[in-house]
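J.: First residue of the sequence shown? That's 851 in the working numbering, and the numbers climb one at a time after it.
The structure under discussion is supplied below as structure tokens; questions concerning it will follow.
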Amino acid sequence: MSAERHSLFGTGVGSPKLPQPDWQRVVHTILVSRALDELEETQLLPARKVLYQFTARGHDVTQVLLGQLLTGARDGIGVYYRSRPLMLSVGLPLKDALASTMMRSGSVSDGRDIGVVFNLPNRDGVCVLPACGGVGAQYTPAVGWAQSLQYRSQVLGEAEANGSIAVAHGGDASAATNGFWSALTIATTQRLPILFFIEDNGYGISVKSDFQTPGGNIAANLSGFKNLRILETDSAMPVEAAVSIARGVEAVRAGQGPVLLRVVVPRLSGHSGQDTQTYKSSEEISAERARDPLVKLRAQLVPGVMSEQAWSALEQRAHEDVQAALAAVEASAVPDVTRSTRHVFSERNEDGTLDLQQQGGLPDAGMNLPAGNESPRSEGPRINMVTAIRRTLEHELAINQRVVVFGEDVGRKGGVHAATLGLQEKFGASRVFDTSLSEEGIIGRAVGMALAGLMPVPEIQFRKYADPAVEQLNDCGTMRWRTANRFAAPMVVRMPGGFFKCGDPWHSQSNEVQFVHAIGWRVAMPSNAEDAVGLLRSALRGNDPTIFFEHRAMLDGAWARRPYPGDDFVVPFGKAKLLRAGSELTIISWGAMVERCEQAAEQSSVDVELLDLRTLMPWDREAVLASVRKTRRCVIVHEDNLTAGFGAEIAAVLAKEAFFDLDAPIERVTMPDVPSPHSPLLLDSVVPSVARITDAIRQIASI
851 MSAERHSLFG TGVGSPKLPQ PDWQRVVHTI LVSRALDELE ETQLLPARKV
901 LYQFTARGHD VTQVLLGQLL TGARDGIGVY YRSRPLMLSV GLPLKDALAS
951 TMMRSGSVSD GRDIGVVFNL PNRDGVCVLP ACGGVGAQYT PAVGWAQSLQ
1001 YRSQVLGEAE ANGSIAVAHG GDASAATNGF WSALTIATTQ RLPILFFIED
1051 NGYGISVKSD FQTPGGNIAA NLSGFKNLRI LETDSAMPVE AAVSIARGVE
1101 AVRAGQGPVL LRVVVPRLSG HSGQDTQTYK SSEEISAERA RDPLVKLRAQ
1151 LVPGVMSEQA WSALEQRAHE DVQAALAAVE ASAVPDVTRS TRHVFSERNE
1201 DGTLDLQQQG GLPDAGMNLP AGNESPRSEG PRINMVTAIR RTLEHELAIN
1251 QRVVVFGEDV GRKGGVHAAT LGLQEKFGAS RVFDTSLSEE GIIGRAVGMA
1301 LAGLMPVPEI QFRKYADPAV EQLNDCGTMR WRTANRFAAP MVVRMPGGFF
1351 KCGDPWHSQS NEVQFVHAIG WRVAMPSNAE DAVGLLRSAL RGNDPTIFFE
1401 HRAMLDGAWA RRPYPGDDFV VPFGKAKLLR AGSELTIISW GAMVERCEQA
1451 AEQSSVDVEL LDLRTLMPWD REAVLASVRK TRRCVIVHED NLTAGFGAEI
1501 AAVLAKEAFF DLDAPIERVT MPDVPSPHSP LLLDSVVPSV ARITDAIRQI
1551 ASI
């Protein structure tokens, strides 16, 4: 490098010199990326060997320059669909990159996900968090990883976390998403070690960037944002861009808080392989091609840093490497269709050992928690459910330093339902803390923490408030399956809901069936304090993401009170509880309706058998079938709406597997298909009452 160019890597008088790129490695990686793009666009996509192609041409130079700086022991990256050059630069094997887009066995998803949705587990170096197909979905998990670095350094005392950073990599259009703004708020208010690496190619598919952010420059618009250092650079000046990227990385590593780096890049092909760019004029396309960063880099490096012959040799080697990878992938197996339903949940091997994911969760962190005891050891007076939940959280926080509890108002206030009262005072604000008002941020942050080996316990204040977080919830649930057990993000999402003394469409929604239908989530819905303790403890020591539904009417309900069952008590998921044995009719219920079903059974003059499912995913099919085959009649009661409620699933299973055992139609007693009304009078008219349940019992028993 010439003296003038070499001096670009100094940061000023009194400042340390920035690391210089390994230009041989940088150029080779960029050329490999270009060769991959060319191979896919010209051969594999037309031949349908690749079905979904996203070029990174034009984005590649600055991505590779960033990747060669990510050397921290616990660095983590949230990536998107155009991040392959960055992935190659941090260690994604070339064969794996091509096997992914070609849908071959052994690739990063085993053919289950779009080929450009990459991941790279790594416990001893840079980890690439599983990418998602949704735009902007990478930001809040990356922030969660950044907060886990802070936690692992300050609370767990892990020296490897010191100086490690998180990177959130995205395009300029994604700066319009909720995820971006939520992550930015979290990062700046908490001064987290994260670099927002925003590539601005001027377009979001066909929409220009000034429709995504006023003026088309997110960096300019954020100039007044507190606790955020902002840098800008242009990939058309690659050596200068290398300096800016190095400055950004070094600032975050030095503990100066979050940095946003806007990188101007050209998009040298369409948004995807199917995009013809007819929305661009020929002049625009020519202008973009004239700014090709690879051409500019060659002009800056040849002949001052490397010779013409050396550059040509790197080009030749890149093409040879890609052809060798293609031959290896072509010779590899296609995915095994008999395994397509595996790894939705945590599984055990034939010898009983856990088939452990490569990254994420307590097992990944080497935690071995007590197995627990299914027999309650009741002690003391009856306590309400909210006290039981608080006491369980307190015990698990005490024995497991990786448990972190957070959400809106869970800190000093102790939660709007008092479930976390006093926990922050006992365990500190690093372990029990408040969050900004963003459910997407709460759940996305939890995903990043779980991937880093913590056990996050995020609270969503009311069931309806989970709706803004649906994308993160869905992405979390499918993670184990879509990465073929490479990654999992176990967590416990505490979620109060259901009717109380009054209702309304915003605080009283139940709709638990939505989470049963969400792939990869376990769902618990206890009816009483004892079961709440056992199910919550099982979830906190488990290896799958769990929705823990806390019914508002039962948190302080007299019927739901039970003696505390002990610090070792656990309730296995998928095991119903027989509350009442009977011979004439089976009632199946869960949550707040169990109390009403018990009262109705007592009033009905029918010999009723009552099952409390306790968990809906998994649910105890065997217990339900055995009971109905014995009584030959069934009433299913739930608070959720009638149409497509979980009772319909139970009824369908009974109709198929116990049809000839039934002496009467299966009856469902539910809410009608309306939201929860506010007026107590209206509420009482729609929520299943003891009288309605009693009538249903008598009617079915009389058939």
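Where is the CB? At the ideal position from N, CA and C, for every residue including glycine.
Do Ala-1426 and Asp-1462 have their C-beta atoms closer together than 8 Å?
T.: yes
J.: Check whether the Cβ atoms of Thr-1063 and Asn-1071 sit closer than 8 Å, and answer yes or no.
T.: The answer is yes: Cβ separation under 8 Å.
J.: Would DSSP call Cys-977 helix, strand or coil?
T.: Cys-977 falls in the strand class under three-state DSSP.
J.: Take the Cβ of His-1367 as the centre, count every other Cβ of all protein chains shown within 10 Å, and call the residue buried at 16 or more, exposed below.
T.: Exposed is the call here.
J.: Do the segment 1038-1051 and the segment 909-929 meet, that is, are 3 or more Cβ pairs less than 8 Å apart?
T.: Cβ pair count under 8 Å is three or more, so yes.
J.: Taking DSSP as the reference, what is the three-state secondary structure of His-1245?
T.: helix
J.: Are His-1019 and Gln-997 close, meaning C-beta to C-beta below 8 Å?
T.: no
J.: Closest by CA to Asp-1060, which one among Met-1217, Asn-1218, Ala-1023?
T.: Ala-1023
J.: Short of 6 Å in beta carbon distance, which residues of its chain neighbour Glu-1165, apart from the five on each side in sequence? Order them along the chain.
T.: Leu-881
J.: In angstroms with no decimal places, state the Cα-to-Cα distance between Tyr-1566 and Leu-1219.
T.: Because the chain here runs from 851 to 1553, residue 1566 falls outside it and cannot be looked at.
J.: Short of 6 Å in beta carbon distance, which residues of its chain neighbour Ser-1119, apart from the five on each side in sequence? Order them along the chain.
T.: Thr-905, Arg-907
J.: Of the choices Ala-992, Gln-874, Gln-903, whose alpha-carbon is the least far from that of Val-1297?
T.: Ala-992
J.: So, is Ser-1377 buried or exposed, given that buried needs 16 or more other C-beta atoms within 10 angstroms?
T.: buried
J.: Less than 8 Å between the beta carbons of Val-1253 and Leu-1390, yes or no?
T.: yes
J.: In whole angstroms, give me the CA-to-CA distance for Gly-860 and Arg-973.
T.: Only weak support is given to the placement of Gly-860: the predicted model assigns it a pLDDT of 43, under 50, and the value that follows is read from those uncertain coordinates. For Gly-860 and Arg-973, the distance between alpha carbons rounds to 32 Å.
J.: Quick one: grab the DSSP three-state call for Asp-847.
T.: The question about residue 847 has no answer, for the chain in this structure spans 851 to 1553.
J.: Tell me, which residues are paired with Ala-1069 by DSSP?
T.: DSSP, once it has assigned bridges, lists no residue as partnering Ala-1069.
J.: In the DSSP assignment, what residue or residues form a beta bridge with Leu-1045?
T.: Val-1017, Val-1109
J.: Taking the CB atoms as reference points, tell me whether Arg-1446 and Thr-990 lie closer together than 8 Å.
T.: No, the Cβ-Cβ distance between Arg-1446 and Thr-990 is not below 8 Å.
J.: Taking DSSP as the reference, what is the three-state secondary structure of Lys-1427?
T.: Correct three-state label for Lys-1427: strand.
J.: Using 8 Å for Cβ pairs, my map puts Ile-1239 next to Glu-1400. What's the rounded Cβ distance?
T.: A Cβ-Cβ separation of about 7 Å places Ile-1239 in contact with Glu-1400 under the 8 Å criterion.
J.: On the criterion of 16 or more Cβ atoms from any shown chain inside 10 Å, does Lys-1263 qualify as buried, or is it exposed?
T.: That one is exposed.
J.: With 16 other CB atoms within 10 Å as the buried threshold, where does Thr-1544 fall?
T.: buried
J.: Residues bridged to Tyr-1053 by DSSP?
T.: Lys-1058
J.: Excluding sequence positions up to five away, which residues of its chain have a Cβ less than 8 Å from the Cβ of Glu-1517?
T.: Cys-1484, Val-1485, Ile-1486, Ala-1546, Gln-1549, Ile-1550
J.: Determine, using beta carbons only, whether Glu-1452 and Ser-1477 come nearer to each other than 8 Å.
T.: no
J.: Give me, in chain order, the residues of the same chain whose beta-carbon lies closer than 8 Å to that of Arg-1227; leave out the 5 immediate sequence neighbours on both sides.
T.: Pro-1415, Gly-1416, Asp-1418, Phe-1419
J.: Would you mind working out which of Leu-948, Ile-1292, Ser-1454 sits nearest Val-966, comparing C-alpha positions?
T.: Leu-948
J.: Counting only runs of 4+ residues fully inside the segment 911-988, write out the alpha helix (DSSP H) ranges in chain order.
T.: 934-939, 944-951
J.: Which one of Trp-1331, Met-952, Gln-870, Asp-963 has the shortest CA to CA distance from Gln-893?
T.: Met-952
J.: Pick from His-1267, Pro-1340, Trp-1356: whose alpha carbon is nearest that of Pro-1318?
T.: Nearest neighbour of Pro-1318 by Cα position, chosen from His-1267, Pro-1340, Trp-1356, turns out to be Trp-1356.
J.: Return yes when the Cβ of Asp-963 is within less than 8 Å of the Cβ of Arg-1332, no when it is not.
T.: yes
J.: Can you grab the Cα-Cα spacing for the pair Ser-865 / Arg-1002, in whole Å?
T.: Only weak support is given to the placement of Ser-865: the predicted model assigns it a pLDDT of 42, under 50, and the value that follows is read from those uncertain coordinates. Distance between the alpha carbons of Ser-865 and Arg-1002: 29 Å.
J.: Skipping 5 residues on each side, what residues in its chain have a beta carbon closer than 6 Å to that of Ser-1094?
T.: Leu-1081, Thr-1083
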